[in-house]
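Read the structure below first, then the notes.
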Ligand code: ADP
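In the numbering used here, the protein residues as written are 113 to 432.
Here it is in structure tokens:
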């Protein structure tokens, strides 16, 4: 019987469990034996590989995180270590591997394909939405909903105290969490790493909005968007108001996956298994214009992500 191994790697994301469940059950339906690998590439190196059954993935569709656990493995970047890791697949007659993770995990998977001919399929699992080839990654929608919940709560207290409030969200290189939650949360300003923002302009906008009758302001700040301390001091200096800062941190990683992420998980997983059925390897599964698709893994990794300028402009236009 043919076999597929599956691992989750890099940063955890809500929807990874739902995706694992779908890989296991759909894979079994397509007559594969399915093997779970614990702690990403670290477990592959150690040989922490075990067979999974439909009941192995009971009661996990609604859980954030990943029951397979995830880890970062620096060692895996060495060829000799990957050679040993592949031996752990070969000795079990496994030549298909589904990797659920971000761009680093994809780079590891690509190496396994190029060097050892393993049929690898990448499923995008990261809250950051920082993979350019796909419109959305697993976990992003849930993370944005989590941020929105926080923004809604902050709005209540902001309005009552007439505050200027800064919400710091994840996004070192990719501002999508900030952009989508800022737009959906009706925030006045969104600061993202991709677009250099003049902090004076932000402060002047706060003043302008006060003139227009706004008594409170909400600014979404992606962690990679510049020097937060400088933003705070510029706002203080120009507006005379002291902004409050709420840093959401790892709260954004957790939580029960949204409807969108659970459905995406099932679609990505079944598409990945179908590709392996057709003997295709080194592919990345994604969604573009609402359609599930796959493309060459290396080409997917080489695509450069940019922020959606139209959405960014919309956040400004709607915050009058
Ligand atoms: P993510 O997949 O979320 O981007 P990381 O960048 O931490 O997370 O990557 C996850 C793991 O993938 C790393 O710990 C490492 O084991 C493996 N990896 C990353 N880059 C490479 C690479 N260039 N070659 C081989 N393995 C890599």
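Glycine included, each C-beta is placed from N, C-alpha and C at the ideal position.
Run through DSSP, which three-state label would residue 253 get?
Reduced to three states, the DSSP call for residue 253 is helix.
Is it buried or exposed, residue 422, if we count other Cβ atoms within 10 angstroms and call 16 or more buried?
Answer is exposed; the Cβ neighbour count stays below 16.
Mapping the DSSP letters down to three states, classify residue 113 as helix, strand or coil.
Residue 113: coil per DSSP, three-state reduction.
Cα separation between residue 390 and residue 283?
C-alpha separation (whole angstroms): 36 Å.
Apart from the five residues just before and just after residue 354, which ones in its own chain have a Cβ nearer than 6 Å to its Cβ?
Counting only Cβ-Cβ distances below 6 Å, and skipping sequence neighbours, we find 348.
If you measure from the CB of residue 248, is any heavy atom of the ligand ADP nearer than 6 Å?
Answer for residue 248: no, Cβ out of range of the ligand ADP.
Is the segment 149-160 touching the segment 397-413, taking contact as three or more C-beta pairs under 8 Å?
In short, these stretches do not touch, since the Cβ pair count stays below three.
Could you tell me whether any non-hydrogen atom of the ligand ADP is closer than 6 Å to the CB of residue 215?
Checking the Cβ of residue 215 against the ligand ADP gives yes.
Assign residue 433 to one of three DSSP states: helix, strand, or coil.
Residue 433 cannot be examined here, being either before or after the span of the chain that is shown, 113 to 432.
To test your reading of the DSSP string, which unbroken beta strand (DSSP E) runs of 3 or more residues are found completely within the segment 154-188?
Here the runs fully enclosed are 161-164.
From residue 200 to residue 331, what distance separates their C-alpha atoms?
About 49 Å.
Should residue 190 go down as buried or exposed, given a rule of 16 or more other Cβ atoms within 10 Å for buried?
With fewer than 16 Cβ atoms within 10 Å of its Cβ, residue 190 is classed as exposed.
Nearest by alpha-carbon distance to residue 162: which of 126, 203, 171 and 138 is it?
Selected option, being the one with the closest Cα: 203.
Mapping the DSSP letters down to three states, classify residue 277 as helix, strand or coil.
It is a strand residue.
In whole angstroms, what is the alpha-carbon distance linking residue 385 and residue 333?
Approximately 38 Å between the Cα atoms of the pair.
Anyone know if the C-beta pair for residue 494 and residue 146 falls short of 7 Å?
This structure gives no information on residue 494, because the portion of the chain shown stretches from 113 to 432.
What does the alpha-carbon distance come out to for the pair residue 192 and residue 382?
Straight-line Cα distance between these residues: approximately 32 Å.
Quick check: the segment 354-374 against the segment 253-273, are at least 3 beta-carbon pairs closer than 8 Å?
These segments touch.
Going along the chain, which unbroken runs of the alpha helix (DSSP H) with 4 or more residues stay wholly within the segment 278-350?
Taking only runs of at least 4 residues, the alpha helix (DSSP H) segments lying wholly in the segment 278-350 are 288-296 and 311-323.
Would you give the residue range spanned by the alpha helix (DSSP H) that residue 223 belongs to?
Residues 215-228.
Please work out which residues of its chain come closer than 6 Å, Cβ to Cβ, to residue 180, disregarding the five sequence neighbours upstream and downstream, and give them in chain order.
Within the same chain, residue 180 has close Cβ partners 120, 148 and 150.
Could you check what DSSP says for residue 396 in three-state terms: helix, strand or coil?
Residue state, collapsed to three classes: strand.
From 366, 405, 416 and 380, pick the residue whose C-alpha is nearest to that of residue 174; which is it?
Looking at the Cα atoms, 366 is the closest of the given residues.
Where does residue 361 fall in DSSP's three states?
Three-state result, residue 361: helix.
Could you tell me which of 412, 208, 126 and 379 sits nearest to residue 182, measuring between CA atoms?
Nearest option by C-alpha distance: 126.
Cβ-heavy atom distance between residue 189 and the ligand ADP below 6 Å?
Because some heavy atom of the ligand ADP lies under 6 Å away, the Cβ of residue 189 counts as near it: yes.
Indicate whether the contact test is met: 3 or more Cβ pairs, each with one atom in the segment 336-346 and one in the segment 284-304, closer than 8 Å.
They touch, by the three-pair rule.
Based on the DSSP output, what are the partners of residue 376 in its beta bridges?
In the DSSP output, where bridge partners are listed per residue, residue 376 has none listed.
Taking the beta strand (DSSP E) that residue 421 falls in, what are its first and last residues?
Careful: residue 421 lies outside any beta strand (DSSP E), inside the alpha helix (DSSP H) at 421-429.
Please determine whether the Cβ atom of residue 245 lies at a distance below 6 Å from any heavy atom of the ligand ADP.
No, the ligand ADP has no heavy atom inside 6 Å of this Cβ.
Check each candidate in 176, 362, 229 and 140 and name the one with the smallest Cα separation from residue 395.
It is 229 whose Cα lies nearest to the Cα of residue 395.
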